Amino acid sequence: MFRQSKRRVTSRKNFEDQSGLSSGKFILNATTSEEEKQLYETLYDSKLSFYTIPPKGEITLEQFELWAIDRLKVLLEIESCIQRNKSAKEMEVIVKPLLQKLLPFTTDNLLERKKDYYSHFILRLCFCRSKELRDKFIRSETTLLKLRFNMMTSQDQAKFVKTLDLPLLQFISDAEKEELSTQLYQTVSSALQFQLNLTDEVQRRHYFNQERFIKLPFESVVDLVGSRQVFIKKGFAYLPQFQQLNHIANEFSSMLSSALIKTFQCIPRLNEDDRLLPILHHLSSGYDVSNFLQQEQFGQASQGEVNATTVYSEKIRENFPLCAKNLMNGLKENHHLRYQGRQQLSFFLKGIGMNVDDALQFWSDAFTSGGNLTSEKFNKEYRYNFRHNYGLEGNRINYKPWDCRTILSKPRPSRGEYHGCPYRDWNVDKLTLELSQGMNLSSTQVTSILDSVQRTEYTVACTKVFEMTHCGSTAVEVNDQTHISHPNLYYERSRQLQKKTEAPVK
Ligand code: SF4
Numbered sequence: 004m005f006r007q008s009k010r011r012v013t014s015r016k017n018f019e020d021q022s023g024l025s026s027g028k029f030i031l032n033a034t035t036s037e038e039e040k041q042l043y044e045t046l047y048d049s050k051l052s053f054y055t056i057p058p059k060g061e062i063t064l065e066q067f068e069l070w071a072i073d074r075l076k077v078l079l080e081i082e083s084c085i086q087r088n089k090s091a092k093e094m095e096v097i098v099k100p101l102l103q104k105l106l107p108f109t110t111d112n113l114l115e116r117k118k119d120y121y122s123h124f125i126l127r128l129c130f131c132r133s134k135e136l137r138d139k140f141i142r143s144e145t146t147l148l149k150l151r152f153n154m155m156t157s158q159d160q161a162k163f164v165k166t167l168d169l170p171l172l173q174f175i176s177d178a179e180k181e182e183l184s185t186q187l188y189q190t191v192s193s194a195l196q197f198q199l200n201l202t203d204e205v206q207r208r209h210y211f212n213q214e215r216f217i218k219l220p221f222e223s224v225v226d227l228v229g230s231r232q233v234f235i236k237k238g239f240a241y242l243p244q245f246q247q248l249n250h251i252a253n254e255f256s257s258m259l260s261s262a263l264i265k266t267f268q269c270i271p272r273l274n275e276d277d278r279l280l281p282i283l284h285h286l287s288s289g290y291d292v293s294n295f296l297q298q299e300q301f302g303q304a305s306q307g308e309v310n311a312t313t314v315y316s317e318k319i320r321e322n323f324p325l326c327a328k329n330l331m332n333g334l335k336e337n338h339h340l341r342y343q344g345r346q347q348l349s350f351f352l353k354g355i356g357m358n359v360d361d362a363l364q365f366w367s368d369a370f371t372s373g374g375n376l377t378s379e380k381f382n383k384e385y386r387y388n389f390r391h392n393y394g395l396e397g398n399r400i401n402y403k404p405w406d407c408r409t410i411l412s413k414p415r416p417s418r419g420e421y422h423g424c425p426y427r428d429w430n431v432d433k434l435t436l437e438l439s440q441g442m443n444l445s446s447t448q449v450t451s452i453l454d455s456v457q458r459t460e461y462t463v464a465c466t467k468v469f470e471m472t473h474c475g476s477t478a479v480e481v482n483d484q485t486h487i488s489h490p491n492l493y494y495e496r497s498r499q500l501q502k503k504t505e506a507p508v509k
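Remember, our numbering sits 3 above the position in the sequence shown when you count from 1.
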């Protein structure tokens with residue numbers, strides 16, 4: 004739908020106006036490739052950027068959307084890591100492969116630099132519209148900057164700090180450091196011990212002697228002042244170099260915050276453009292849940308072992324996410340599921356590898372076992388529906404299993420219905436009971452999950468449950484720790500872990 008040619012983009016009348024969105028320059032100015040090359044070489048001289056000037060050059064609508072989606076996937080993963088209280092090290096392990104795949108930043112490739120630069124600005128357009136979206140965007144972009152900074156060599160880090168040209172980042176002289184050395188050492192000693200793991204006093208002294216200090220107005224680092232991590236004198240805070248990233252991150256956050264407000268003020272002008280608007284809406288609605296899917300891999304963990312009988316086995320069922328368990332329970336209790344529930348469970352089972360013959364057997368057995376429905380009636384009323392789900396009837400579409408986003412976009416289940424996401428649809432008491440008794444989670448773990456539920460971050464709650472129920476019980480390391488945004492991803496990952504420790508399904 005959004006595949007448009009470059010020529011069509013340049014001919015759009017709304018882009019003929021030369022007024023800028025935030026600083027008097029226009030996003031889609033025509034530039035020669037040589038000009039562009041020079042611009043991005045300057046911007047990325049030190050591999051990282053503060054995104055201070057709007058991007059230049061042409062891109063297609065397709066690039067506009069795809070680049071933004073790729074950045075969004077990275078930011079969603081970061082946001083999920085923040086919500087799951089991952090440490091900086093754990094976050095780096097999770098996000099690094101995604102960064103290398105979707106937003107590489109250490110290469111000299113012009114297109115990759117353009118992608119990084121443009122995608123940041125496109126997402127500014129999407130996420131400037133409400134305070135909540137702005138806060139999330141600032142938080143994840145700032146974390147991305149920190150992650151990337153820590154991944155750079157120390158030479159590149161020094162180069163980047165120099166390019167920032169922040170007037171506040173001035174190092175104090177050796178004489179001043181000597182004069183204040185007692186107070187400075189006292190203040191940073193605990194940070195050296197706990198942040199840099201320098202447990203030995205001699206090591207700390209040695210590090211302190213080599214360390215350089217930055218002097219800056221204390222209000223620039225209020226968080227460090229609050230936690231007494233910096234020495235203050237005459238309104239100035241003395242910051243050790245190893246903590247400068249906090250300062251850089253603060254500067255970046257406040258720059259981004261005011262830039263987002265300015266972008267928001269310019270949005271009405273952009274709203275006249277009927278080609279960009281659907282893309283922007285589509286992107287901004289995707290901030291709550293990730294659609295980072297690897298559907299082609301679904302079904303690999305089971306490899307034909309899920310059929311009309313084994314689907315009831317404990318070994319298969321214990322890998323189901325809560326939504327699928329709920330549907331199976333509903334089916335068992337009622338010998339029936341209403342339309343949305345049938346669709347959700349049918350696609351999920353298809354995704355874990357149940358073939359159409361087994362699916363028909365499974366549904367027929369489940370519907371007729373209560374004695375309310377005969378096989379003939381099942382064949383007459385429901386057979387077509389399940390064959391249709393496998394692309395064997397009607398327009399013969401090979402439907403994909405629903406991801407969490409699709410599930411959450413359906414109407415909430417009413418009485419007697421079991422579709423949807425239990426983290427959203429169950430009340431606190433029912434969910435607490437399931438988490439504490441059904442899954443044996445501790446009260447601290449339950450509280451943490453309920454926190455995410457309260458913030459309407461259902462997929463984060465589900466990812467937490469996955470980690471809590473898999474890391475401790477199996478003693479197998481969860482290699483892939485990315486956010487869970489699909490019931491079949493939950494199943495695949497769980498089954499793969501289970502296979503490492505258990506005998507085959509009988
Ligand atoms: S978050 Fe997704 S996978 Fe987890 S229970 Fe809800 S719908 Fe199912």
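C-beta: ideal position from N, C-alpha, C; glycine also. Given the structure is predicted, the values throughout are model-derived calculations rather than measurements.
Around residue 81, the same chain offers 94, 98, 143, 146, 147 and 150 as residues with beta carbons nearer than 8 Å, after the five sequence neighbours per side are excluded. Just measuring C-alpha positions, the residue of 499, 140, 502 and 242 sitting nearest residue 214 is 242. For residue 100, the three-state secondary structure derived from DSSP is helix. When DSSP states are grouped into helix, strand and coil, residue 175 belongs to the coil group. Taking one beta carbon from each stretch, the region 361-376 and the region 443-457 have fewer than 3 pairs nearer than 8 Å; the two do not touch.
Rounded to whole angstroms, the gap between the alpha carbons of residue 199 and residue 340 is 56 Å. Under the DSSP assignment, residue 210 falls outside any beta strand (DSSP E), being part of the alpha helix (DSSP H) whose first and last residues are 204-213.
Taking 4 residues as the minimum length, the alpha helix (DSSP H) runs contained wholly in the region 404-476 are 407-412, 425-428, 431-436 and 446-457, in order along the chain.
Contact between residue 221 and residue 239 holds: their C-beta atoms lie close to 6 Å from each other, under 8 Å.
At least one heavy atom of the ligand SF4 lies closer than 6 Å to the C-beta of residue 324. Assignment of residue 218 by DSSP, reduced to helix, strand and coil, places it in the strand class. The residue among 409, 417, 362 and 372 with its C-alpha nearest the C-alpha of residue 392 is 362. Around the Cβ of residue 399, a 10 Å sphere holds fewer than 16 other Cβ atoms; the residue is exposed. In the DSSP secondary-structure assignment, residue 243 is bridged to 216.
In this structure, DSSP gives residue 81 a helical state, which the three-state scheme calls helix. Scanning its chain for C-beta atoms nearer than 6 Å, with the 5 sequence neighbours on each side dropped, one finds around residue 101 the residues 77 and 80, in chain order. Less than 7 Å separates the beta-carbon of residue 387 from that of residue 396. Just measuring C-alpha positions, the residue of 233, 257, 455 and 231 sitting nearest residue 431 is 455. Distance from the CA atom of residue 325 to the CA atom of residue 136, rounded to whole angstroms, is 28 Å.
A straight-line Cα-Cα distance of about 36 Å links residue 279 and residue 349.
Leaving aside the five residues that flank residue 490 on each side, the residues in its chain whose CB is nearer than 6 Å to its CB run, in chain order, 324, 326, 327 and 351.
For residue 377, the closest of 91, 338 and 133 by C-alpha to C-alpha distance is 338. Look at residue 50 here: in three-state DSSP terms it is coil, with no helix or strand label. Put simply, the backbone Cα of residue 267 is about 25 Å away from that of residue 459.
Secondary-structure assignment with DSSP links residue 234 through a beta bridge to 241. In the structure shown, residue 269 falls within a helical segment according to DSSP collapsed to helix, strand and coil.
In this structure, the beta-carbon distance from residue 128 to residue 283 falls below 7 Å. When distances are taken from the beta-carbon of residue 47 to the heavy atoms of the ligand SF4, even the shortest one reaches 6 Å or more. Here residue 122 is near residue 70, since their CB atoms are less than 7 Å apart.
Secondary structure at residue 392: helix, using DSSP grouped into helix, strand and coil.
In this structure, the C-beta of residue 426 approaches the ligand SF4 to less than 6 Å from one of its heavy atoms.
For the ligand SF4, no non-hydrogen atom lies closer than 6 Å to the CB of residue 494. Assigned with DSSP and collapsed to three states, residue 190 falls in helix. In this structure, residue 472 sits away from residue 486, with a CB-CB distance that is not shorter than 7 Å. Secondary structure of residue 116 (DSSP, three-state): helix.
No Cβ-Cβ contact shorter than 7 Å links residue 309 with residue 251.
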